[in-house]
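Protein chains in written order, with the numbering used here: chain A, 1 to 441; chain B, 1 to 310.
Note that CB positions come from ideal geometry on N, CA and C, so glycine has one too.
Encoded as structure tokens, the structure appears first; notes follow it.
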Amino acid sequence: MSTATINNPADTSGKTRWERAVPVYGFPVVNRTFIVLVGMTLLAFLLTAYRELAGLGPVSGMNDAYGWGIWKTFNVMVLTALGSGAFAVGIAAWVFRRKRLHALMRMALLTSFLAYACGLLLLGIDAGRPWNFYWIVFPWRWNFHSPLAEVAICMSIYAMIPLAVENIPPVLERLWYFDSRLRPGVERLERGLHKFFPWIIAAAYLLPGMHQSSLGALMLLAGERVHPLWQTPWLPLLYLGAATFMSFGCVAGTTMLCCVVWKRAMDMEVLDEAARITSWLIFGWLGFRLLDILFRGALGTAFHFDRFAGVFWLEMFTVAMGGWMLRRSLRTHETRYMFLGYVLSSLGGMVYRFSPTTLAFRPNPESLYFPSAIEVLVSLGFICMGIAGFLLIVKRFGILPAPLQEWHDMASYFRFRRPYIRWTGYFKYGYFGDNEETESD
Amino acid sequence: MDITRRELISTIAKTGVPAAVAVSVGAPSLHAETENIPVPSAAVGLLYDASICIGCKACVSACAEANDTPADTRSDALHQAPNDLNDLTRNIIKLYKPEDGSISSFVKRQCMQCLDPACAAGCPFQALHKDPETGIVGWTAEQCIGCRYCTITCPYHVPRFQWQGYNPRVTKCELCSTRLEKGLRPGCTTVCPTGAVIFGPRTVLLDEAHQRIRKNPGRYYQERVYGERDNGGTQCLYLSRVPFEKLGLPELGVESVPAKTLRWQRRLYQYFALPALLYVGLVQVIRKSLKGHEHEAHEREKETGLRAQL
Chain A
1 MSTATINNPA DTSGKTRWER AVPVYGFPVV NRTFIVLVGM TLLAFLLTAY
51 RELAGLGPVS GMNDAYGWGI WKTFNVMVLT ALGSGAFAVG IAAWVFRRKR
101 LHALMRMALL TSFLAYACGL LLLGIDAGRP WNFYWIVFPW RWNFHSPLAE
151 VAICMSIYAM IPLAVENIPP VLERLWYFDS RLRPGVERLE RGLHKFFPWI
201 IAAAYLLPGM HQSSLGALML LAGERVHPLW QTPWLPLLYL GAATFMSFGC
251 VAGTTMLCCV VWKRAMDMEV LDEAARITSW LIFGWLGFRL LDILFRGALG
301 TAFHFDRFAG VFWLEMFTVA MGGWMLRRSL RTHETRYMFL GYVLSSLGGM
351 VYRFSPTTLA FRPNPESLYF PSAIEVLVSL GFICMGIAGF LLIVKRFGIL
401 PAPLQEWHDM ASYFRFRRPY IRWTGYFKYG YFGDNEETES D
Chain B
1 MDITRRELIS TIAKTGVPAA VAVSVGAPSL HAETENIPVP SAAVGLLYDA
51 SICIGCKACV SACAEANDTP ADTRSDALHQ APNDLNDLTR NIIKLYKPED
101 GSISSFVKRQ CMQCLDPACA AGCPFQALHK DPETGIVGWT AEQCIGCRYC
151 TITCPYHVPR FQWQGYNPRV TKCELCSTRL EKGLRPGCTT VCPTGAVIFG
201 PRTVLLDEAH QRIRKNPGRY YQERVYGERD NGGTQCLYLS RVPFEKLGLP
251 ELGVESVPAK TLRWQRRLYQ YFALPALLYV GLVQVIRKSL KGHEHEAHER
301 EKETGLRAQL
């Protein structure tokens, strides 16, 4: 931060505005955390190979009663909800024109892509006969009325086409800065991309809307084996609602955390806007959930002294507490309450998304499911892969939002402080914006 | 340029009105579909009378033999004594024996061959498929991705997944469909010493069941054939002296599980009309947003001299 004061006097108005996505510079990619994360990922790959040979029984705690383990119920059901940022933040920014939220869009797109990639990979590992996935390209084999077909098809199409395409601009931008000889080509690509953008963005909202609700519809067919506090015809809508506030929490919370870790200024206007939307989403969701339980007459079961009631109140309490903390942070402008609010509401949402398939699923009284060590390690390993990917990408591409000043600081940093760095690319044939004239080619 | 009230209304109109239209157009055609579940023309099934079953388990070993499955001796490495349906067991005899000494009953469990099977409704690539003629719900290895959704959806908890090995399969009674093609009867019905389980066309079995109820008034629970209407109707029918629920046959109502639970899901995705209309509406809204956003970004580019980030 000394570079900022040295090269360009900081903005003295006291107001930070996120105006530009700037790579996290000055921090090495490979550090102790990164090595641990990569190690966990490699371990997960090894265990996956073992799983493919040995079958699901020896590696997991799944059994005839609990046919689905944490790979599906946590990594797919829960993590893709956290990764719906591209959907929820995107709709707020593009459809409802909350323009300030555009600052968070790149973070939302990246976290979504990584969460979905992790989820899809585990969906493939969890499938007993994954080689038959090739039917996905033959629509006449699809079972159009199956929620699981909807999830599998829609999720893979979404992650591979609209979400991937939405993530291309930072890559093109890096190429553009990397070498001036690439610029005409990159610009041509960008023009082509922008022509299709409305269709791609619209698909990026329609498809997650469909499969995030279908994830809820999955458990409708299980009928009364899901506890009445969770089993409702509105399960798809509640799943979608939980995904919206959880993903807002994930995107804004992760951005705040990054700002703290890498000492970046926070734009309180953007964060307040996000917190306001999240808090209303939370209270709307909570209200809808309680009304639904009330009208179905299931409220009585919430006062039985059993694990279901415990999970229910834990979930309700954490979500409501998170919502209350967000409101409080809006009043008193204390960022720690905002961060805690995001964390708590997302945790509560995670409990909710996890419950119908596992915690509140009662196939028969004798059976129990607890994930085996290998299951947990694989699940964690793929999460670590996502985190490692995130750490790598935010340090190499312009993802994290920052004040304009940060961009100039970055330029100075690489020119004067660490001139020996060539591999960052951005500055090889430097165009820093403020010295376009100095370019020779 | 925050969204104005006028714009909000038009946004909702652009996306919501097509949605409402699609729902109202799609709804009537769907209504007819869920009302009556068609019975396949040559529907065959089993009639199991729990009151005359002696629990000899001859059908269990006959089933394994008929399906070329090794006997499941995993419990003590000696006897074929699985305690539930599993990856080697398509058919099993269980005993319901209440502690108060009231009437006990054996029960034979196997696939019910539902008229509207929940397993096939959930199966993503139609690996579980109801034969349009015989109505037998069969499993095709080439289309199964091993997602185990069938083990979650089946209200009778019948399909079982093979947990060992790299090439697992889903095991469920397919009513010995390969034997039927050769003109043979299902394995379990060939060995039953008391005729507790018989095979035949569903209509014949239903007549037989009603005849037994008429001949023995007061013998059967609720004087009812389980599967005639339960869960939308099944092709395997049950008679019992004890409540069906005690035998693991839940009271699901006359509507089938998929019809009951996926009604809205099916309505919303009817002909894919609603998503398509919603998509067009979204494109319109986003096109306008994108234009505004690009304009502002380029204005900003001129101000700051830094390349616009979209």
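- Task: With distances taken Cα to Cα, identify the nearest neighbour of Q284(B) among V29(A), G249(A), V95(A).
- Result: V95(A)
- Which residues, taken in chain order from the stretch 277–290 of chain B, show a beta carbon closer than 7 Å to some beta carbon of chain A? L278, Y279, L282, V283, V285, I286, R287, S289, L290
- Message: Cutting at 7 Å between CB atoms, please list the residues of its own chain near R362(A), excluding the five before and the five after it.
- Response: R225, H227
- Task: Provide the residue(s) that pair with G200(B) in DSSP beta bridges, ordered along the chain.
- Result: G45(B)
- Excluding sequence positions up to five away, which residues of its chain have a Cβ less than 7 Å from the Cβ of T16(A)? A265, M266, D267, P403
- Query: By the criterion of Cβ-Cβ separation under 8 Å, what are the contact partners of P258(B) in chain A?
  - Reply: H145, L221
- Query: What three-state label does DSSP hand H211(A) in the structure shown?
  - Reply: helix
- Message: Are the CB atoms of D116(B) and Y231(B) within a distance shorter than 9 Å?
- Response: According to the sequence shown, residue 231(B) is Asn rather than Tyr. Going by C-beta atoms, N231(B) is nearer than 9 Å to D116(B).
- Task: Report yes if the C-beta distance between L306(B) and E294(B) is below 9 Å; otherwise report no.
- Result: no
- Task: Check the Cβ of P169(A) against every Cβ in chain B and list those closer than 8 Å, keeping chain order.
- Result: Q309, L310
- Taking 9 Å as the CB-CB cut-off, is S379(A) touching chain B? no
- Query: Are the C-beta atoms of L206(A) and some chain B residue less than 9 Å apart?
  - Reply: yes
- Nearest-angstrom beta carbon gap, L344(A) and A44(A) [assumed within contact, 8 Å]: Not a contact, Cβ separation roughly 28 Å.
- Classification of D207(B) by the beta-carbon crowding that lies within 10 angstroms, buried from 16 upward: exposed
- Item | Rounded separation between I399(A) and M107(A) - CA only | 6 Å
- Query: Nearest to C53(B) by alpha carbon, out of P186(B), E245(B), E301(B), C192(B)?
  - Reply: C192(B)
- With distances taken Cα to Cα, identify the nearest neighbour of F106(B) among P98(B), D87(B), Q113(B). P98(B)
- Spatial distance of S289(B) from K99(A) (CA atoms): 9 Å
- Query: Would DSSP call Y134(A) helix, strand or coil?
  - Reply: helix
- Using the DSSP secondary-structure output, state which residues sit across from C114(B) in a beta bridge. T234(B)
- Item | Element boundaries [alpha helix (DSSP H), containing Y177(A)] | 168–178
- Item | H129(B) - DSSP class collapsed to helix/strand/coil | strand
- Can you tell which of H145(A), A252(A), V89(A), Y50(A) has the C-alpha that lies nearest to the C-alpha of Y271(B)? H145(A)
- Query: Which residues in chain B sit within 9 Å of N132(A), going by Cβ to Cβ distance?
  - Reply: F125, A127, A141, E142, Q143, C144, I145, G146
- Item | Residue burial classification, Y158(A) (beta-carbon count within 10 angstroms, cutoff 16) | buried
- Item | Residue span of the beta strand (DSSP E) that contains K94(B), given as start and end | 92–96
- Message: Cutting at 8 Å between CB atoms, please list the residues of its own chain near G253(A), excluding the five before and the five after it.
- Response: F339, Y342, V343, S346
- Would you report the Cα separation of L79(A) and V39(B), rounded to the nearest angstrom? 42 Å
- Can you give the Cα-Cα distance for L88(B) and C173(B), rounded to whole angstroms? 11 Å
- Item | Closer than 9 Å to chain A by CB, A32(B) | Confidence in A32(B) is poor, its pLDDT being 47 and thus under 50, which makes the residue's placement too unreliable to answer from.
- Query: Quick one: Cα of L85(B) to Cα of C188(B), how far?
  - Reply: 15 Å
- Message: Run through chain B and tell me which residues come within less than 7 Å of A152(A), C-beta to C-beta.
- Response: P124
- Positions along the stretch 15–43 of chain A whose CB lies within less than 9 Å of some CB in chain B: E19, R20, A21
- Cα separation between G101(B) and G216(A)? 44 Å
- Tell me whether H298(B) sits in a helix, a strand or coil according to DSSP, three-state version. helix
- Assess, as a yes-or-no matter, whether the stretch 69–85 of chain A is touched by the stretch 116–128 of chain A under the definition of 3 or more beta carbon pairs within less than 8 Å. yes
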